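Engineer: Let me begin by handing over the structure; questions about it come next.
Chains as they are written, first to last, in our numbering: chain U, 3 to 285; chain F, 2 to 96.
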């Protein structure tokens with residue numbers, strides 16, 4: 003376990019982890035990056051926590067934040083439950099494979115991959131979003147009853163879902179990364195639905211949130227059995243990230259969000275580069 | 002059972018699961034930290050219980066969806082949801 007943890011009392015260590023996780027959850031939800039992907043590099047780089055234990059704690063926090071957020075989105079009719087259920091076949095199988103690979107791949111390789119995914123997610127969240135053109139009808143989405151409607155300005159807007167097989171394939175990749183790195187991989191899930199299947203952005207992001215909990219649950223069993231989940235670490239990480247992201251979600255409407263995104267994007271890029279550096283030069 | 006009703010229940014189920022899990026983990030954590038070092042093993046058991054409630058929450062959502070699709074007689078989604086459930090159970094038991 004990390005040097006910082008040996009030097010601190012359990013109370014001090016827990017307080018610092020709650021603070022770091024709270025900031026990660028707050029900024030992660032404010033920017034749409036997700037708390038899990040930020041808390042792992044923060045714990046490993048700032049406190050010297052073992053990468054596998056950080057990933058295990060982050061995976062737990064991901065289940066908490068995504069399920070909490072999804073609860074509201076599902077009731078408000080934004081998430082498409084059928085799209086989520088169908089694509090969860092791909093994400094859960096991907097997650098099982100990814101979690102199994104964590105035992106085979108060396109920590110240095112995981113660290114490099116984590117940094118690369120973090121860099122990409124930061125860039126993805128900073129990009130200006132343009133709504134993708136509506137989907138060309140895919141006969142498969144009619145057969146699977148994937149086409150739906152979501153509320154906008156007081157009325158229901160209908161949409162069709164395209165390229166079902168392509169979206170399914172990208173979702174397998176999202177599940178793989180989730181299991182491999184202990185993250186929600188929300189960015190890649192949104193790409194599969196928004197860019198590939200041409201589902202409206204609001205439906206894509208909320209359905210992604212809906213799916214993250216089940217995807218993470220598919221790898222958490224493997225993490226638990228390997229001993230990657232340390233309750234004394236998972237406790238403050240889960241509570242901190244959860245509290246931070248609830249606060250962050252309330253701030254989302256703020257106009258200063260863009261400036262904050264830029265600052266946060268720069269911080270995340272530095273964390274990502276450090277993760278890659280540590281992977282290349284293991285300490 | 003219709004889709005709107007299902008969404009409503011899924012929403013409540015997720016919220017309840019996360020709230021209960023967070024409360025149990027927080028209680029276990031407070032007990033753990035209040036105990037003299039190296040902490041109390043029973044307190045860690047309480048934290049574990051909270052973490053397991055949390056992990057069980059999305060699984061319970063899938064189980065509920067399966068029941069709802071059965072009630073709706075939506076055979077395609079009974080099959081789809083069953084596959085997800087089998088993968089989840091496999092990963093927890095043998096993964």
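A virtual CB, placed ideally from N, CA and C, is assigned to each residue, including glycine.
Since the structure is predicted, the reported quantities are computational estimates derived from the model, not experimental observations.
Which class does residue 240 of chain U belong to by DSSP, given the choice of helix, strand or coil?
Structural biologist: helix
Engineer: Assuming the contact rule is C-beta atoms closer than 8 Å, residue 267 of chain U and residue 124 of chain U should be a hit. Round their C-beta distance to whole Å, please.
Structural biologist: 5 Å
Engineer: Assuming residue 1 of chain U and residue 64 of chain U are in contact, meaning their beta carbons sit under 8 Å apart, how far apart are those beta carbons, in whole angstroms?
Structural biologist: For chain U, the structure presents residues 3 to 285; residue 1 of chain U sits outside this window and is missing.
Engineer: Quick one: measure Cβ to Cβ for residue 69 of chain F and residue 7 of chain F, integer angstroms, because I've assumed they're closer than 8 Å.
Structural biologist: So it is a contact: roughly 5 Å between Cβ atoms.
Engineer: In chain F, which residues lie with their C-beta within 7 Å of the C-beta of residue 160 of chain U?
Structural biologist: Under the 7 Å cutoff, chain F gives no residues; its nearest Cβ is about 14 Å from residue 160 of chain U.
Engineer: Quick one, are the C-beta atoms of residue 273 of chain U and residue 44 of chain U less than 8 Å apart?
Structural biologist: yes
Engineer: I think residue 185 of chain U touches residue 39 of chain U, with their Cβ atoms under 8 Å apart; what is that distance to the nearest whole Å?
Structural biologist: 5 Å
Engineer: Just the C-alpha distance for residue 90 of chain U and residue 41 of chain F, rounded to the nearest angstrom, thanks.
Structural biologist: 39 Å
Engineer: Does DSSP classify residue 21 of chain U as helix, strand or coil?
Structural biologist: helix
Engineer: Identify the contact partners of residue 62 of chain U in chain F, using a Cβ-Cβ distance below 7 Å as the criterion.
Structural biologist: In chain order: 52, 55.
Engineer: Per DSSP, what are the beta-bridge partners of residue 150 of chain U in this structure?
Structural biologist: U:161
Engineer: Please state the DSSP three-state secondary structure of residue 200 of chain U.
Structural biologist: coil
Engineer: Counting contacts by CB-CB distance shorter than 8 Å, is residue 21 of chain F in contact with chain U?
Structural biologist: no
Engineer: Which residues bound the alpha helix (DSSP H) around residue 175 of chain U?
Structural biologist: 166 to 183
Engineer: Is DSSP giving residue 38 of chain F helix, strand or coil here?
Structural biologist: coil
Engineer: Give me the Cα-Cα distance between residue 138 of chain U and residue 154 of chain U, rounded to the nearest whole angstrom.
Structural biologist: 22 Å
Engineer: Measure the C-alpha to C-alpha separation of residue 257 of chain U and residue 263 of chain U and round it to an integer number of angstroms.
Structural biologist: Summary for residue 257 of chain U: the model assigns pLDDT 47, below 50, so the residue's position carries little reliability; its value from the coordinates is reported in the next sentence. Their Cα atoms are separated by approximately 11 Å.
Engineer: Would you give the residue range spanned by the alpha helix (DSSP H) that residue 1 of chain U belongs to?
Structural biologist: Nothing can be reported for residue 1 of chain U: it is not among the residues displayed for chain U, which extend from 3 to 285.
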